[in-house]
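Single-structure report; data block below.
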Amino acid sequence: MQAKNLSGGQELLCINTTKVYDWILNEASFDLTFVDEDLPVIGEEQITCDDITGPVTCEVTASDVDILNREDREFVIDGALVTLQLVTIRKNFTVTFFFPTLLGIGETSFDFSRCEQVVLCAPEGTMVEVSYPELDCFICTFECDDLADEFDATVTVRLCQSIQSTFPVTLEVVADFCQPRDILPTPACPAPTMPPQCPVLFPDNGDDAE
């Protein structure tokens with residue numbers, strides 16, 4: 017059946033979009049411990065503890081998220097019995113250390129995972145998506161072993177995470193078609209202007225001459 021144009025320039029439309037079944041936003045922090053890790057190589061040269069010329073820093077990046085399991089659980093919310101899902105999530109990250117030296121910046125990276133469980137409206141068939149509006153790390157402790165050219169470190173990772181359960185849907189809506197905005201005029205050349213004058217001070221018109 018063909019949709020008819022409606023008054024006011026509106027039309028009945030079918031659009032593909034994503035329905036958000038549930039959405040939570042929370043903060044988390046955790047520590048990572050590194051023991052007897054090798055210092056990085058710059059070019060073909062292994063750096064030593066004496067080569068480090070400044071503070072060692074870190075950077076953390078996120079990779080894929082794995083949904084390990086989801087189980088139906090019953091909850092009483094506002095007096096009503098509802099079935100939600102206990103979702104087990106494994107989040108994967110990479111932390112990279114940066115070592116400043118006279119030869120350049122040495123880098124070494126480590127992969128790690130963290131698991132957690134969240135309660136969502138996420139029935140089978142929905143997708144659980146995790147994103148990180150904020151993701152950062154800092155080095156809490158760092159010790160370098162001069163004899164073995166190894167280091168121990170404790171890194172604190174801080175994150176703000178958005179977790180959504182979604183599903184693609186097709187919606188029927190009544191809407192106006194968008195119109196392009198007006199073109200802004202091109203600025204014309206400005207007219208010549210004179211800077212402020214100081215007639216009281218200069219030129220001297222001779223009124224004060226003796």
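Quick note on this note's numbering: the sequence shown kicks off at 17 and runs consecutively. Even for Gly, the Cβ is constructed at its ideal location relative to N, Cα and C.
Measure the C-alpha to C-alpha separation of residue 109 and residue 82 and round it to an integer number of angstroms. On the sequence shown, residue 109 is found 93 positions in, with the first residue counted as 1. On the sequence shown, residue 82 is found 66 positions in, with the first residue counted as 1. Their backbone Cα atoms lie some 12 Å apart in a straight line.
Can you give the beta carbon distance from residue 150 to residue 175, rounded, assuming they're within the 8 Å contact cut? Position 134 of the sequence shown, counted from the start, is the residue given in the question as residue 150. Position 159 of the sequence shown, counted from the start, is the residue given in the question as residue 175. The C-beta distance from residue 150 to residue 175 rounds to 6 Å, short enough to meet the 8 Å contact threshold.
Going by CA-CA distance only, name the one from 188, 214, 105, 70 that's closest to residue 33. Taking the first residue of the sequence shown as 1, we reach residue 33 at position 17. It is 188 whose Cα lies nearest to the Cα of residue 33.
Going straight from the alpha carbon of residue 38 to that of residue 180, what length do you get? Taking the sequence shown and counting its residues from 1, one reaches residue 38 at position 22. Taking the sequence shown and counting its residues from 1, one reaches residue 180 at position 164. Approximately 6 Å between the Cα atoms of the pair.
With residue 177 and residue 96 assumed to form a contact (beta carbons below 8 Å), what rounded beta-carbon distance in angstroms separates them? Indexing the sequence shown from 1 puts residue 177 at position 161. Indexing the sequence shown from 1 puts residue 96 at position 80. That pair is no contact at about 28 Å.
Three-state secondary structure (DSSP) of residue 65: As a working mapping, residue 65 is identified with position 49 in the sequence shown. In this structure, residue 65 counts as helix in the three-state DSSP scheme.
Got a sec? Which residues, its chain only, sit under 6 Å from residue 75 by beta carbon, not counting five neighbours each side? Counting from 1 along the sequence shown, the entry for residue 75 is found at position 59. Result list for residue 75: 112, in chain order.
So which of 98, 60, 48, 64 has the shortest CA-CA distance to residue 54? Along the sequence shown, read from residue 1 onward, the residue named residue 54 stands at position 38. 64 is the residue among 98, 60, 48, 64 whose C-alpha sits nearest the C-alpha of residue 54.
Measure the alpha-carbon distance for residue 160 versus residue 66 and round it to whole angstroms. Your numbering for residue 160 matches position 144 in the sequence shown. Your numbering for residue 66 matches position 50 in the sequence shown. Our two residues, residue 160 and residue 66, have alpha carbons roughly 9 Å apart in a direct line.
Just the C-alpha distance for residue 153 and residue 61, rounded to the nearest angstrom, thanks. One-based indexing of the sequence shown puts residue 153 at position 137. One-based indexing of the sequence shown puts residue 61 at position 45. When the Cα atoms are used, residue 153 and residue 61 turn out to be separated by approximately 28 Å.
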